[in-house]
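Step one of this worksheet: look at the structure below.
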């Protein structure tokens, strides 16, 4: 039997599936839950430049202030596009591109550091998926 060579990203994805399944199970569904972040900074520094507390804080505030587009709306709708544009504009002004959630490669360095038990890697992935969907919506203009 030949062993398949994996690149770093493939290996991380495989390890995530194996090691993280039990830990991530309670938080895998639904929208990101970043409301418990106390901005303690224990998750920092991120080796890949993500400003974890700022990203989590921004997203929690965006949810609280109604800036996140309604996920029940179709991506092609004008309302979703308008909300996406507003959210992404504020996100870009609040957190530079090089410190945003999409920079997370799931290295797990921050795993277990959060006193609030936020599964940071999973939350950053959800934020990235949400912002990717918002960017996609802007392509329908």
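Numbering (our numbering), first residue to last: 11 to 151. We put the beta carbon where it would ideally sit given N, CA and C, even for glycine.
Status (buried if at least 16 other CB within 10 Å, exposed otherwise) for residue i
{"i": "residue 136", "result": "buried"}
{"i": "residue 150", "result": "exposed"}
{"i": "residue 66", "result": "buried"}
{"i": "residue 47", "result": "buried"}
{"i": "residue 132", "result": "buried"}
{"i": "residue 101", "result": "buried"}
Backbone secondary structure at residue i - three-state DSSP
{"i": "residue 162", "result": "Since the first and last residues shown for the chain are 11 and 151, residue 162 lies out of range."}
{"i": "residue 139", "result": "helix"}
{"i": "residue 37", "result": "Note that residue 37 scores 38 on pLDDT, short of 50, meaning its location in the model is unreliable; the coordinates nonetheless yield the value given after this. Residue 37: helix per DSSP, three-state reduction."}
{"i": "residue 106", "result": "coil"}
{"i": "residue 116", "result": "coil"}
{"i": "residue 126", "result": "coil"}
Neighbourhood of residue i by C-beta distance below 6 Å, restricted to the same chain and skipping five residues each side
{"i": "residue 104", "result": "68"}
Distance cut-off 6 Å: residue i Cβ against heavy atoms of the ligand GDP
{"i": "residue 121", "result": "This structure lacks the ligand GDP, and indeed carries no ligand of any kind."}
Whole-angstrom C-beta distance between residue j and residue i, which should lie under 8 Å
{"i": "residue 70", "j": "residue 97", "result": "The Cβ separation is near 13 Å, so there is no contact."}
Residues near residue i in its chain [Cβ-Cβ closer than 7 Å; skip 5 each side]
{"i": "residue 123", "result": "52 and 53"}
{"i": "residue 84", "result": "90"}
{"i": "residue 94", "result": "79, 144, 147 and 148"}
{"i": "residue 74", "result": "none"}
{"i": "residue 15", "result": "none"}
For residue j and residue i, the rounded distance between their alpha carbons
{"i": "residue 117", "j": "residue 111", "result": "13 Å"}
{"i": "residue 141", "j": "residue 88", "result": "17 Å"}
{"i": "residue 63", "j": "residue 49", "result": "5 Å"}
{"i": "residue 134", "j": "residue 60", "result": "9 Å"}
{"i": "residue 121", "j": "residue 129", "result": "7 Å"}
{"i": "residue 81", "j": "residue 138", "result": "14 Å"}
{"i": "residue 126", "j": "residue 108", "result": "25 Å"}
{"i": "residue 17", "j": "residue 115", "result": "13 Å"}
{"i": "residue 119", "j": "residue 113", "result": "13 Å"}
{"i": "residue 92", "j": "residue 106", "result": "21 Å"}
{"i": "residue 99", "j": "residue 76", "result": "14 Å"}
{"i": "residue 58", "j": "residue 86", "result": "33 Å"}
Residues near residue i in its chain [Cβ-Cβ closer than 8 Å; skip 5 each side]
{"i": "residue 56", "result": "62, 113, 114, 119 and 120"}
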